[in-house]
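Asks: Here our numbering is used: position 17 in the sequence shown is 1189, and no number is missing along the way. Yeah, the Cβ is synthetic: ideal placement off N, Cα and C, and Gly gets one too. Remember, predicted model here, so these are calculated numbers, not experimental data. Submitted below is the structure of interest, expressed as structure tokens.
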Amino acid sequence: YKLFFYKGNGGGYYKKSELSGICSIDHFIVVPTSAAASIQNGPDGIALVNTNENIVLEFISYEGSFIATNGPAVGMKSVSIGVSETSSTPEGYS
């Protein structure tokens, strides 16, 4: 499995991160801290991809939804999780 990080402005992905171990998508998503440090202000999104079968299992976004323009989620509209921040939100708060 891999996580693909998408920029809402333009819809392209800017980073991918390989996951290892056991992954359950029933109730949560795990973001490795090395990948989480590069998550940008939105609207942006994350696609969870089964790279063995090239299947997008979930494509979520924050601060709005958008359509991916490249990578495994190309053409898909992200599902907004309904959260956003303002420019006055303190760094490290979210």
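1. Measuring alpha carbon to alpha carbon, tell me which of TYR1234, PRO1244, GLU1235, ASP1216 ends up nearest ASN1224.
2. I'd like the span of the beta strand (DSSP E) that includes TYR1173, first residue to last.
3. Buried or exposed: where does PRO1215 fall if 16 or more other Cβ atoms within 10 Å of its Cβ makes it buried?
4. Could you please give me the residues that DSSP links to PHE1231 through a beta bridge?
5. For the beta strand (DSSP E) holding SER1192, just list the boundary residues, first then last.
Replies: From the atom records:
1. PRO1244
2. Premise fails: TYR1173 is in no beta strand (DSSP E) and is neither H nor E.
3. buried
4. DSSP, once it has assigned bridges, lists ALA1219 as partnering PHE1231.
5. No beta strand (DSSP E) contains SER1192, which DSSP labels as neither H nor E.
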